[in-house]
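Colleague:
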Amino acid sequence: MENQPASPSNQAPTLVMKFGGTSVGTPEAMTQAIEIVRKTKEEWPRLVVVTSALATVTNLLLDSASRAAAGDLHTVYEAERRLRDLHTGICEKLVSELARCAQVKQEINHLIDDFTNLCRAINVLGEATPRAVDAISAIGERLSVRLLAAGLESSGTPAQYIETTQVIV
93 MENQPASPSN
103 QAPTLVMKFG
113 GTSVGTPEAM
123 TQAIEIVRKT
133 KEEWPRLVVV
143 TSALATVTNL
153 LLDSASRAAA
163 GDLHTVYEAE
173 RRLRDLHTGI
183 CEKLVSELAR
193 CAQVKQEINH
203 LIDDFTNLCR
213 AINVLGEATP
223 RAVDAISAIG
233 ERLSVRLLAA
243 GLESSGTPAQ
253 YIETTQVIV
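Shown next as structure tokens:
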């Protein structure tokens with residue numbers, strides 16, 4: 093028989109699970125989400141998990157962009173510190189392997205640096221363009237998905253995060 097690409101008629105169904113910001117907003121909440129995914133994976137071999145930014149993070153990002161446009165970089169730097177503390181703190185609690193945790197922290201720091209640089213550009217221009225606001229808003233999900241994937245891996249569940257920019261729908 094000739095190999096054929098997978099189609100809805102010859103592959104197992106896919107379950108898509110979505111976790112909102114409060115479902116992943118603390119180490120305890122993310123641990124609970126990880127456990128839900130682990131248990132679900134036993135019954136659904138084809139599983140896709142979608143996650144929002146951690147609770148309050150999207151608002152923090154967007155408020156910072158707005159304040160940067162108004163000339164307030166102090167708020168941006170405070171948000172940068174809060175984002176680093178929150179995300180690296182959760183990483184340290186969820187990811188037991190030191191090398192993996194260090195890798196995730198490096199990715200977190202890179203994304204937060206991107207946020208700060210975007211806010212600086214907004215500050216110089218004096219306005220937050222729709223494209224800049226979209227890029228800043230997406231950083232929250234990009235941070236969260238790394239934590240969730242690393243937490244799943246650390247708990248023994250194979251996981252890989254995929255950036256939405258890599259998905260064609």
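According to our numbering, the sequence shown holds residues 93 to 261 in order. Every residue, glycine too, gets a C-beta built ideally from N, C-alpha and C. Note that the coordinates shown come from a computational prediction; the quantities given were computed from them, not determined experimentally.
Entirely within the stretch 139 to 176 and at least 3 residues each: give me those beta strand (DSSP E) ranges in chain order.
Modeller: Runs of the beta strand (DSSP E) inside the stretch 139 to 176: 139 to 143.
Colleague: How many angstroms separate the CA atom of Pro-222 from the CA atom of Ser-229?
Modeller: Position 130 of the sequence shown holds residue 222. Position 137 of the sequence shown holds residue 229. Cα to Cα, Pro-222 sits roughly 10 Å from Ser-229.
Colleague: Any idea which residues DSSP pairs Val-108 with across the strands?
Modeller: The residue you call residue 108 lines up with position 16 of the sequence shown. Val-140.
Colleague: Note down, in chain order, each residue of its chain lying with its Cβ closer than 8 Å to the Cβ of Ala-160, except the 5 sequence neighbours on either side.
Modeller: Position 68 of the sequence shown, counted from the first residue, corresponds to residue 160. Cβ neighbours of Ala-160 beyond the five flanking positions: Thr-167, Val-168, Cys-211, Arg-212, Ile-214, Asn-215, Ala-220.
Colleague: Which residues in the same chain have their Cβ closer than 6 Å to the Cβ of Ala-251, if we skip the five residues on either side of it in sequence?
Modeller: What you label residue 251 is simply residue 159 of the sequence shown in a count that begins at 1. Once the five neighbours on either side are set aside, the close Cβ partners of Ala-251 are Ala-241, Leu-244, Glu-245.
Colleague: In the DSSP assignment, find the alpha helix (DSSP H) that holds Ser-246 and state where it starts and stops.
Modeller: The residue you call residue 246 lines up with position 154 of the sequence shown. Where Ser-246 is concerned, the enclosing alpha helix (DSSP H) stretches over 222 to 246.
Colleague: So is Glu-233 buried or exposed if we call it buried at 16+ other beta carbons inside 10 Å?
Modeller: Residue 233 sits at position 141 when you count from the first residue of the sequence shown. Buried, by the Cβ-count rule.
Colleague: On a Cα-Cα basis, can you pick out the residue from Arg-138, Arg-130, Ala-121, Ser-158 that is closest to Gly-218?
Modeller: On the sequence shown, residue 218 is found 126 positions in, with the first residue counted as 1. It is Ser-158.
Colleague: For Ile-254, which of helix, strand or coil comes out of DSSP?
Modeller: Translated into the one-based positions of the sequence shown, residue 254 becomes position 162. Looking at Ile-254 - three-state DSSP - the assignment turns out to be coil, as it is neither helix nor strand.
Colleague: Using only alpha-carbon positions, find the residue among Thr-256, Ile-254, Gly-181, Ser-236 that is nearest to Thr-114.
Modeller: Locating residue 114 in the sequence shown gives position 22, where the first residue counts as 1. Comparing Cα-Cα distances from Thr-114 to each of Thr-256, Ile-254, Gly-181, Ser-236, the minimum goes to Ser-236.
Colleague: I'd like to check one pair, Thr-249 with Val-129: are the Cβ atoms closer than 8 Å?
Modeller: Indexing the sequence shown from 1 puts residue 129 at position 37. Indexing the sequence shown from 1 puts residue 249 at position 157. Yes, they are a contact pair.
Colleague: Which one of Ile-182, Leu-146, Arg-176, Val-142 has the shortest CA to CA distance from Val-108?
Modeller: For the purposes of this step, residue 108 is taken as the residue at position 16 of the sequence shown. Answer by Cα proximity: Val-142.
Colleague: With burial defined as no fewer than 16 other Cβ atoms inside 10 Å of the residue's Cβ, what is the status of Leu-190: buried or exposed?
Modeller: Here residue 190 is taken as the residue at index 98 of the sequence shown, counted from 1. Flag for Leu-190 reads exposed.
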